[in-house]
Amino acid sequence: MANVFSNKARALPQAPSPLTQTAFQRILLISALVVVILVLAILLSLIISSFPSLKAFGLNFFFSTTWDPVSSRFGAVVFLAGTLLTSFLALLICLPFSLAISIFIGEYFRERILSSLLKQVTELLAGIPSVIYGFWGLFVLVPIVRNLEMKLGVLPYGVGILSASVVLSVMIVPYAASIGREVIALVPSDLKEAGYSLGATRQEVVTKIILPYARSGILAGILLALGRALGETMAVTMVIGNSNIIPRGIFSPGNTMASVIANEFTEATGALYLSSLIEIGLLLFIVEVIINLIGRYVIKRVTVEV
Amino acid sequence: MGEDRIKLRMVKDRAFIGGVVVLSFLSMVPLLLILFYILRNGISSLSWEFLIELPRPVGEKGGGVANAIVGSLLLVIIASLPAIPLGVSAGVYLSEHRDGRLSSLVRLAVEVLHGTPSIVLGIIAYLWLVTTMGRFSALSGGIALSIMMLPVIVRATEETLKLIPDSLKEAALALGVPYHRTILKVVLPAGLSGIMTGIMISVARIAGETAPLLFTAFGNPFMNWNIIKPVNALPLLIYNYATSPYPEWHAIAWGASCVLVGLVLSLNIVARIIASRWKVQF
Amino acid sequence: MEGTVLRTEALSAYFGENRVVNKVSLSIPERKVTTVMGPSGCGKTTLIRCFNRIHELIPGAKIEGRVLLREEDVYAMDAIVLRRRIGMVFQRPNPFPTMTIYDNVIAGYKLNGIELSREERDIMVEGSLKKAALWDEVKGHLRRKGTFLSGGQQQRLCIARALAMNPDILLLDEPTSALDPKATARIEKLIVELKKTVTLILVTHNIAQAGRVSDFTAFLYLGELVEFGPTEKLHTAPKDKRTEEFLTGKFG
Numbered sequence: 006m007a008n009v010f011s012n013k014a015r016a017l018p019q020a021p022s023p024l025t026q027t028a029f030q031r032i033l034l035i036s037a038l039v040v041v042i043l044v045l046a047i048l049l050s051l052i053i054s055s056f057p058s059l060k061a062f063g064l065n066f067f068f069s070t071t072w073d074p075v076s077s078r079f080g081a082v083v084f085l086a087g088t089l090l091t092s093f094l095a096l097l098i099c100l101p102f103s104l105a106i107s108i109f110i111g112e113y114f115r116e117r118i119l120s121s122l123l124k125q126v127t128e129l130l131a132g133i134p135s136v137i138y139g140f141w142g143l144f145v146l147v148p149i150v151r152n153l154e155m156k157l158g159v160l161p162y163g164v165g166i167l168s169a170s171v172v173l174s175v176m177i178v179p180y181a182a183s184i185g186r187e188v189i190a191l192v193p194s195d196l197k198e199a200g201y202s203l204g205a206t207r208q209e210v211v212t213k214i215i216l217p218y219a220r221s222g223i224l225a226g227i228l229l230a231l232g233r234a235l236g237e238t239m240a241v242t243m244v245i246g247n248s249n250i251i252p253r254g255i256f257s258p259g260n261t262m263a264s265v266i267a268n269e270f271t272e273a274t275g276a277l278y279l280s281s282l283i284e285i286g287l288l289l290f291i292v293e294v295i296i297n298l299i300g301r302y303v304i305k306r307v308t309v310e311v
Numbered sequence: 003m004g005e006d007r008i009k010l011r012m013v014k015d016r017a018f019i020g021g022v023v024v025l026s027f028l029s030m031v032p033l034l035l036i037l038f039y040i041l042r043n044g045i046s047s048l049s050w051e052f053l054i055e056l057p058r059p060v061g062e063k064g065g066g067v068a069n070a071i072v073g074s075l076l077l078v079i080i081a082s083l084p085a086i087p088l089g090v091s092a093g094v095y096l097s098e099h100r101d102g103r104l105s106s107l108v109r110l111a112v113e114v115l116h117g118t119p120s121i122v123l124g125i126i127a128y129l130w131l132v133t134t135m136g137r138f139s140a141l142s143g144g145i146a147l148s149i150m151m152l153p154v155i156v157r158a159t160e161e162t163l164k165l166i167p168d169s170l171k172e173a174a175l176a177l178g179v180p181y182h183r184t185i186l187k188v189v190l191p192a193g194l195s196g197i198m199t200g201i202m203i204s205v206a207r208i209a210g211e212t213a214p215l216l217f218t219a220f221g222n223p224f225m226n227w228n229i230i231k232p233v234n235a236l237p238l239l240i241y242n243y244a245t246s247p248y249p250e251w252h253a254i255a256w257g258a259s260c261v262l263v264g265l266v267l268s269l270n271i272v273a274r275i276i277a278s279r280w281k282v283q284f
Numbered sequence: 010m011e012g013t014v015l016r017t018e019a020l021s022a023y024f025g026e027n028r029v030v031n032k033v034s035l036s037i038p039e040r041k042v043t044t045v046m047g048p049s050g051c052g053k054t055t056l057i058r059c060f061n062r063i064h065e066l067i068p069g070a071k072i073e074g075r076v077l078l079r080e081e082d083v084y085a086m087d088a089i090v091l092r093r094r095i096g097m098v099f100q101r102p103n104p105f106p107t108m109t110i111y112d113n114v115i116a117g118y119k120l121n122g123i124e125l126s127r128e129e130r131d132i133m134v135e136g137s138l139k140k141a142a143l144w145d146e147v148k149g150h151l152r153r154k155g156t157f158l159s160g161g162q163q164q165r166l167c168i169a170r171a172l173a174m175n176p177d178i179l180l181l182d183e184p185t186s187a188l189d190p191k192a193t194a195r196i197e198k199l200i201v202e203l204k205k206t207v208t209l210i211l212v213t214h215n216i217a218q219a220g221r222v223s224d225f226t227a228f229l230y231l232g233e234l235v236e237f238g239p240t241e242k243l244h245t246a247p248k249d250k251r252t253e254e255f256l257t258g259k260f261g
């Protein structure tokens, strides 16, 4: 027994060369660098490919409603309007539902089977591919909206800003609820107990103590949802009507930044046309990054507070 | 008078919780509706032939979505091949260098990538690959999807490894095990379940994506295994058929939706099972 | 001093600018139990982590002075080779959770890709587990993962794992502080047994434990080596006032 020990232990081979060890560390470092370079390359590519359009239209691009491939004059206002309208409308619609879910899971039914059921369902909602939302929206929601429009005496497109907003709102409910429910659950009990001992009802504790305390987390969730809505392509494309005229109201068809790219990219003849679409993509990218960073900042503050 | 005030507050209290419950359950309705419609409209299209046959031209009955299934599989493989090693490596780097300026930069980059709209990644893959290759291809689609997978895998790896106690690493190093073997044979195996979960979730994420494929993989009515040619994919097929004017194609799109939703849900469930069953206790 | 296996020359250790070990010169006698003792934060853990060069793995850590293993400069040799000659057992038992008990014992070989024959492996596993007084309790469960073992058993597994490398020195960093009294007693008994074949350096803040198991004691205070000598002498007739104050519980 002693023999095995002494022979084998002494016979341990030389340590692997420093080369292997530093090679491994280098691979890790390079992987980390690649991620950063990737992001920079994406930004750079978008900017370079937008040059023709930037040169041709400059700042006017963001104020012009003309989108005319024939005369090669492009302006993004229609799509900015479409994006902002649908996203904010969707947020508005989803807010009561997301808030309700956050309060349900985080406060009223914490640790109960009902809550984990609701959690599973909202997570499943988030997992459904957007093309399926669009499909469903096109065949189920749009006819309903069309009926509504007929009853209201409006042009019965069916598709349009309203349909897109409703579909979007269903899609973003899980995102808006996600962070909120965690933060609500983490509100310290002694704060709540202080409220109760002062004679507050449960509803009053929720609205006056819990929600204000959790507001950063709720805000972070909302920003997350907004980011999701702004970048959503397929579901919106399928139900928004794809019209390049500025929408007059929620029943008008329209287009968003993402949906116009989806629709027209493969048919874009001419370098300027393509470049304009890419410039819209660049704008989308930058807006998303900004929202993301703001959300990140808010989340950081939440974790510090909690 | 005070009693009326109190009564009012009690009513508000009841109404509030009622509202919370009602709204919460209402939000489940769309999921149920969607699943219901997909099943109702799609189940009649589902059959063995549906899964292994190619699409027929317009007007002819029958046909299947085999090329889309194969295409989706191909795209997932092409996307995973760069994304998994790169993502895990970067995740290991981040967990080994908790503080550090490069680490903060990398985390920022990961956030940006995660938030990039998928259609923008389609544009990027178009600019980098489609224009240089001169054609649409499975490769360009796969690369776009790969970039989508990356941030999920990096984050999952970093978060998993952060939970592993340092003493495990130190125990291996104290035995005279070199650093690279410590990471590869002690730390990563201990974190395997979390990393695998992250990979499955990222696959589920890209399996249902359409936008990045619109002008990269582009679609293909025929079967294609060649990565430098255009390829079809389930989400692409659904999009094209659903927005077409032909009812036969709508039916196929419903059937394909069944398949896609089933696939994505299964991946999510498997990911969850892996996360709980394979978890390593410390 | 008879048979010094390890000695330090004016060893100082830093975390960044913060000096935690201050010019310690110490000679560790071979095949004895030497305890490094002192109040929390006195630098004793950092000191022994300089012996097997685990200290330098922390970003910003550095040392001054020398550490000599059988008159070889420890910082001039390859750290990997060094760590196979000086083994370590940690405060919290840390068997590798993805490996079986069997594989844990020979982990030092497995992880280095060293091929041993089936027979050699079996002999080594049995031998190390017997040395660590764990064999009888686990011999029927070698193929199970180590996580079902009690804290004390897990710690003895870690000792077996370190012993399998046949090191010259075994460092033990507060090995019983996470264990119950019964498990502690077993490990103390084991330590006294082990000194027949290996030199042991034990870090503890538990004065009674130091008194029970060690032949020599070094008392560290605020990073400085205050006193070193045969344990009995140090406990009964300490030369330095600080040592006396620590022993009588004037500060912890």
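Residue numbers (the working numbering), protein chains in the order written: chain L, 6 to 311; chain S, 3 to 284; chain X, 10 to 261.
Every residue, glycine too, gets a C-beta built ideally from N, C-alpha and C.
**Asked** What's the gap between the Cα of residue 36 of chain X and the Cα of residue 196 of chain S?
**Response** As a position in the third sequence, residue 36 of chain X is number 27, starting the count at 1. As a position in the second sequence, residue 196 of chain S is number 194, starting the count at 1. Near 47 Å, if we compare the C-alpha coordinates of residue 196 of chain S and residue 36 of chain X.
**Request:** List the residues of chain X whose Cβ lies closer than 9 Å to the Cβ of residue 183 of chain S, in chain order.
**Result:** For the purposes of this step, residue 183 of chain S is taken as residue 181 along the second sequence, with counting starting at 1. Going along chain X in sequence order, the residues near residue 183 of chain S (Cβ under 9 Å) are 120, 121, 122.
**Item:** Range of the contiguous alpha helix (DSSP H) that encloses residue 233 of chain S
**Value:** Here the question's residue 233 of chain S lines up with position 231 in the second sequence. Neither: residue 233 of chain S is in no alpha helix (DSSP H) and is coded neither H nor E.
**Selected residue, minimal CA-CA separation from residue 164 of chain X, among X/230, X/38, X/182, X/254** = The count along the third sequence starts at 1 and reaches residue 164 of chain X at position 155. Measuring from the Cα of residue 164 of chain X, the nearest candidate turns out to be X/182.
**Request:** Within the same chain, show all residues whose beta-carbon is closer than 8 Å to that of residue 53 of chain S, passing over the 5 residues directly before and after it, in chain order.
**Result:** Taking the second sequence and counting its residues from 1, the one referred to as residue 53 of chain S is at position 51. The answer, listed in chain order, is 66, 67, 68, 71, 261.
**Asked** Considering residue 148 of chain L, what are the terminal residues of the alpha helix (DSSP H) in which it resides?
**Response** To locate residue 148 of chain L, count along the first sequence from 1; it is residue 143. Residues 147-157.
**Asked** Since residue 187 of chain S meets chain X, which of its residues come closer than 7 Å, beta carbon to beta carbon?
**Response** Position 185 of the second sequence holds residue 187 of chain S. Under the 7 Å cutoff, chain X gives 120.
**Message:** Once DSSP output is grouped into helix, strand and coil, what is the label at residue 223 of chain X?
**Reply:** By one-based count along the third sequence, residue 223 of chain X stands at place 214. Note: residue 223 of chain X maps to coil in three-state DSSP.
**Prompt:** Buried or exposed: where does residue 196 of chain L fall if 16 or more other Cβ atoms within 10 Å of its Cβ makes it buried?
**Reply:** On the first sequence, residue 196 of chain L is found 191 positions in, with the first residue counted as 1. A residue is called buried once 16 or more other Cβ atoms fall within 10 Å of its Cβ, and residue 196 of chain L, having fewer, is exposed.
**Request:** Give a yes or no on whether 9 Å exceeds the smallest Cβ distance from residue 187 of chain L to chain S.
**Result:** Counting from 1 along the first sequence, the entry for residue 187 of chain L is found at position 182. Chain S contact via Cβ: absent.
**Request:** Starting from residue 71 of chain X, follow its DSSP beta bridges and name the residues at the other end.
**Result:** Taking the first residue of the third sequence as 1, we reach residue 71 of chain X at position 62. Beta-bridge pairing links residue 71 of chain X to X/23.
**Prompt:** Do residue 289 of chain L and residue 121 of chain S come within 9 Å of each other at the CB atom, strictly closer than that value?
**Reply:** In the second sequence, counting from the first residue as 1, residue 121 of chain S sits at position 119. In the first sequence, counting from the first residue as 1, residue 289 of chain L sits at position 284. Yes. Within cutoff.
**Asked** When you check each C-beta in the region 67-100 of chain X against every C-beta of chain S, which residues fall closer than 9 Å?
**Response** 68, 88, 89, 90, 91, 92, 93, 94, 95, 96, 97, 98, 99, 100
**Request:** With distances taken Cα to Cα, identify the nearest neighbour of residue 116 of chain S among S/226, S/64, S/91, S/152.
**Result:** As a first step, residue 116 of chain S must be located in the second sequence, where it is residue number 114. Among S/226, S/64, S/91, S/152, the Cα nearest to that of residue 116 of chain S belongs to S/152.
**Asked** Does any heavy atom of the ligand HEM sit closer than 8 Å to the C-beta of residue 179 of chain X?
**Response** This structure lacks the ligand HEM, and indeed carries no ligand of any kind.
**Asked** Using the rule of at least 16 other Cβ atoms within 10 Å of the residue's Cβ for burial, across every protein chain shown, is residue 63 of chain S buried or exposed?
**Response** Locating residue 63 of chain S in the second sequence gives position 61, counting from the first residue. Flag for residue 63 of chain S reads exposed.
**Message:** Under 8 Å: do the region 79-87 of chain S and the region 139-151 of chain S share three or more Cβ pairs, one atom per stretch?
**Reply:** As far as the Cβ criterion goes, the region 79-87 of chain S touches the region 139-151 of chain S, which means the pair count is three or higher.
**Request:** Determine contact between the region 182-195 of chain L and the region 217-227 of chain L, defined as no fewer than three beta-carbon pairs at a distance below 8 Å.
**Result:** yes
**Asked** How would you list, in chain order, the residues of chain S whose beta-carbon sits under 7 Å from the beta-carbon of residue 116 of chain X?
**Response** Against the third sequence, residue 116 of chain X aligns to sequence position 107. Result: 177.
**Item:** Touching by the beta-carbon criterion (3+ pairs, under 8 Å), the region 202-214 of chain L and the region 122-142 of chain L
**Value:** Of all C-beta pairs linking the region 202-214 of chain L to the region 122-142 of chain L, fewer than three are shorter than 8 Å, placing the two stretches out of contact.
**Asked** In chain L, what lies closer than 7 Å to residue 231 of chain S by C-beta?
**Response** The count along the second sequence starts at 1 and reaches residue 231 of chain S at position 229. Simply none; closest approach about 16 Å.
**Item:** Neighbour list for residue 191 of chain S in chain X, Cβ cutoff strictly below 8 Å
**Value:** Start at 1 with the first residue of the second sequence, and residue 191 of chain S comes out as number 189. Chain X residues near residue 191 of chain S: 107.
**Request:** Would you identify the three-state DSSP class for residue 258 of chain X, choosing helix, strand or coil?
**Result:** As a position in the third sequence, residue 258 of chain X is number 249, starting the count at 1. Coil.
**Request:** Figure out for me which residue from S/213, S/98, S/210 has the closest Cα to the Cα of residue 160 of chain S.
**Result:** As a first step, residue 160 of chain S must be located in the second sequence, where it is residue number 158. Answer by Cα proximity: S/98.
**Continuous beta strand (DSSP E) stretch holding residue 180 of chain X: start and end** = In the third sequence, the residue the question calls residue 180 of chain X occupies position 171. Residue 180 of chain X -> beta strand (DSSP E) spans 178-182.
**Asked** Is residue 172 of chain S close to chain A, meaning its C-beta is less than 9 Å from at least one C-beta of that chain?
**Response** In the structure shown, chain A cannot be found, because the protein chains are L, S and X.
**Message:** Within a Cβ cutoff of 7 Å, which residues of the same chain sit near residue 124 of chain L, ignoring the five residues on either side of it in sequence?
**Reply:** Here the question's residue 124 of chain L lines up with position 119 in the first sequence. The answer, listed in chain order, is 110.
**Request:** Kindly indicate if chain X contains any beta-carbon less than 9 Å away from that of residue 165 of chain S.
**Result:** In the second sequence, residue 165 of chain S corresponds to position 163, counting from 1. Cβ-Cβ to chain X under 9 Å: no for residue 165 of chain S.
**Request:** Pull up the distance between the alpha-carbon of residue 13 of chain L and that of residue 145 of chain X, whole angstroms please.
**Result:** Along the first sequence, one-based indexing puts residue 13 of chain L at 8. Along the third sequence, one-based indexing puts residue 145 of chain X at 136. Confidence is the limiting factor: at residue 13 of chain L the pLDDT is only 43, short of 50, which leaves the residue's position unreliable, though a coordinate-based value still follows. If you take the alpha carbons of residue 13 of chain L and residue 145 of chain X, they lie about 25 Å apart.
**Item:** Inter-residue spacing [alpha-carbon to alpha-carbon] between residue 172 of chain L and residue 180 of chain L
**Value:** Along the first sequence, read from residue 1 onward, the residue named residue 172 of chain L stands at position 167. Along the first sequence, read from residue 1 onward, the residue named residue 180 of chain L stands at position 175. Going by the C-alpha atoms only, they are around 14 Å apart.
**Prompt:** Taking the Cβ atom as the reference point for each residue, do residue 88 of chain S and residue 36 of chain L lie within a distance shorter than 9 Å?
**Reply:** Locating residue 88 of chain S in the second sequence gives position 86, counting from the first residue. Locating residue 36 of chain L in the first sequence gives position 31, counting from the first residue. Yes, the pair counts as a contact, with Cβ atoms nearer than the cut-off.
**Pick from X/63, X/222, X/219 that is closest to residue 176 of chain S, judged by C-alpha positions** = Locating residue 176 of chain S in the second sequence gives position 174, counting from the first residue. Minimum Cα distance to residue 176 of chain S is reached at X/63.
**Request:** Assuming residue 20 of chain X and residue 59 of chain X form a contact by the criterion Cβ under 8 Å, report the distance between their Cβ atoms to the nearest whole angstrom.
**Result:** Here residue 20 of chain X refers to the residue found at position 11 when the third sequence is read from its first residue. Here residue 59 of chain X refers to the residue found at position 50 when the third sequence is read from its first residue. The pair is a contact, with the Cβ atoms about 6 Å apart (cut-off 8 Å).
**Request:** Can you have a look at residue 151 of chain L and say buried or exposed, based on whether 16 or more other CB atoms are within 10 angstroms of its CB?
**Result:** As a working note, residue 151 of chain L is residue 146 in the first sequence. Buried is the call here.
**Request:** Could you tell me whether the Cβ atoms of residue 189 of chain S and residue 171 of chain S are closer together than 9 Å?
**Result:** Locating residue 189 of chain S in the second sequence gives position 187, counting from the first residue. Locating residue 171 of chain S in the second sequence gives position 169, counting from the first residue. With contacts defined as CB atoms closer than 9 Å, residue 189 of chain S and residue 171 of chain S qualify as a contacting pair.
**Asked** If you measure from the beta carbon of residue 104 of chain S to each beta carbon in chain X, is any gap under 9 Å?
**Response** Walking along the second sequence from the start, residue 104 of chain S turns up at place 102. So, not an interface residue.
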